[in-house]
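Residue numbers (the numbering used here): 693 to 1131.
Just so you know, even glycine gets a beta-carbon here, dropped at the ideal spot from N, CA and C.
Here is the structure we will look at, set down as structure tokens.
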Amino acid sequence: MQIGSLTTPFGRRAMTLGQISRQLEGMAVKPEAEVNKWQVFQNIRESRELLGATDRSLAILNALLSFHPETTLTGEAKLVVWPSNEQLSARANGMPPTSLRRHLAVLVECGLVIRRDSPNGKRFARKGRGGEIEQAYGFDLSPIIARAAEFKEMAEAVQAEKKAFRIAKERLTLLRRDIVKLIEAGIEEGVPGRWGRVQQSYQAIIEKLPRSAPRQLVEDICIDLHALYTEIREVLESFAKTQKSDANESPFGRHIQNSKPDSISESEHGSRNKEKAGGTAEEDDNVRNLPKRELPLGIVLDACPGIRELAQGGEIRHWRDFLGAAELVRPMLGISASAWREACEILGEQHAAITLAAIYQRSDQIASAGGYLRSLTDRAREGKFSTWPMIMALLRSKLDRKASTVGKEPDLSEENGRRSSGLTASDALLRTLGKSGPR
């Protein structure tokens, strides 16, 4: 390799510390280094914005590389090329001389080539007696080898950024499409919900998106849209499950049931056998003939108002809030994780949580909540327990207490509880509760 020291430009062109630094980097080439010049050029083209290069300056670099006869550049090779401006212009698709000089300066400024100017500014090579090149003046391609690894890392970073940006834009498009169509479906299907507010929230998020947005902003907007999408999806899924449950309702459907949340004093594991034998044949027949029906959340909360105290903010608006409160109830009642897990497997998570809320509501009358839950789980496994009559029994007990206070000053706390639940009992419901109560 032709080893050179720092060189200064010919004529009035000034020398800067940046050029000195880039020359030192470009000359730090190991003798055993070896690269494919076109692969390196591809990496440079990919990372041109990070380097500060332009499309036309890269066209000049492509022409300069073509003047070196070898495709593989090595640290021991002579890497200076000396084409004239006319030759460079011809290989750069006829670029004018003024543009040629400007873009050559860009290549030098970016540290992609090093000027090796002769005393008179001409580009040429001096050969020895054997025809070998002793000294060449022109453009040194050493940075192509010295910075090859750097160019590769920069190209990979650019590709990773492009991929992340592309994925973010795809996600944005999908979220926008899904939200718009789900809102339309909710309105057209008559799903209860504040759809006007949802549409306003969607528009407020989209208005933050400019015509040309950076990746980080797109990802932030995607986070907001995904939260809105999750809220809409949960509303629609809950409504769809309710509709499906109503469609599958049958007077001959089998619904596991035990409507007697009685007090027990046995230990958690020792109470199973007694509880299993506690139901009569008549009760079991009634249990099996109950219709399959999901309990509305409002009725459950009206029967078990105590669980509201454990919810965040004291409010339960969705089943997910109810399930979260049930997770707090379990350790408070001293119910083991294994008993709770078994109840969820047999009853399902939602009905297990309803059962837990009922036990919590009657906790002052139940000596061993864990044993009681296990006994109910065993009865459910045999098809002898369901949450519906249990909740109906609690509601009937509540209404009986209300009836016993006729003529007395009403309990303001209970009245407020009924108002907050938004439920009123019709005559038909009262008659149903009178028939379905525990015997």
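- As DSSP reads the structure, glutamate 741 sits in no beta bridge.
- For the pair leucine 1048 and alanine 1018, the CB atoms are nearer than the 8 Å cut-off.
- By the CB criterion at 8 Å, leucine 867 and histidine 795 fall outside the cutoff.
- One thing to note: alanine 769 has its Cβ within 8 Å of the Cβ of glutamate 762.
- The stretch 880-889 makes no contact with the stretch 899-917, as fewer than three CB pairs between them are under 8 Å.
- Cβ contact annotation for alanine 1095 (same chain, cutoff 7 Å, sequence separation greater than five): none.
- Per DSSP, valine 798 is one residue of the alpha helix (DSSP H) stretching across 789-801.
- With a 10 Å radius around the Cβ and a threshold of 16 neighbouring Cβ atoms, tryptophan 730 comes out exposed.
- Beta-bridge annotation (DSSP): threonine 766 is paired with Glu726.
- The stretch 771-779 makes contact with the stretch 817-832; the number of CB pairs closer than 8 Å reaches 3 or more.
- Rounded to the nearest whole angstrom, the CA to CA distance from serine 791 to threonine 746 is 12 Å.
- Between asparagine 812 and threonine 764 a beta carbon distance of about 33 Å is seen, past the 8 Å cut, so the two are scored as non-contacting.
- For glutamate 826, the enclosing beta strand (DSSP E) has its first and last residue at 825-832.
- Counting the other Cβ atoms within 10 Å of the Cβ of proline 788 gives fewer than 16, which makes it exposed.
- Relative to the Cα of arginine 783, the nearest Cα in the group Glu724, Ser758, Ala1035 and Arg869 belongs to Ser758.
- Scanning Thr1079, Trp1011, Gly1062 and Phe857 for the CA closest to the CA of proline 1023 turns up Gly1062.
- By the CB criterion at 8 Å, leucine 1065 and alanine 1029 fall outside the cutoff.
- Going by beta carbons, threonine 1069 and glutamate 986 fall outside the 8 Å limit.
- Look at arginine 783 here: in three-state DSSP terms it is helix.
- Scanning Ala1072, Trp1011, Leu742 and Ala1031 for the CA closest to the CA of valine 850 turns up Leu742.
- If you look at lysine 819, you'll find it in the beta strand (DSSP E) that goes 816-819.
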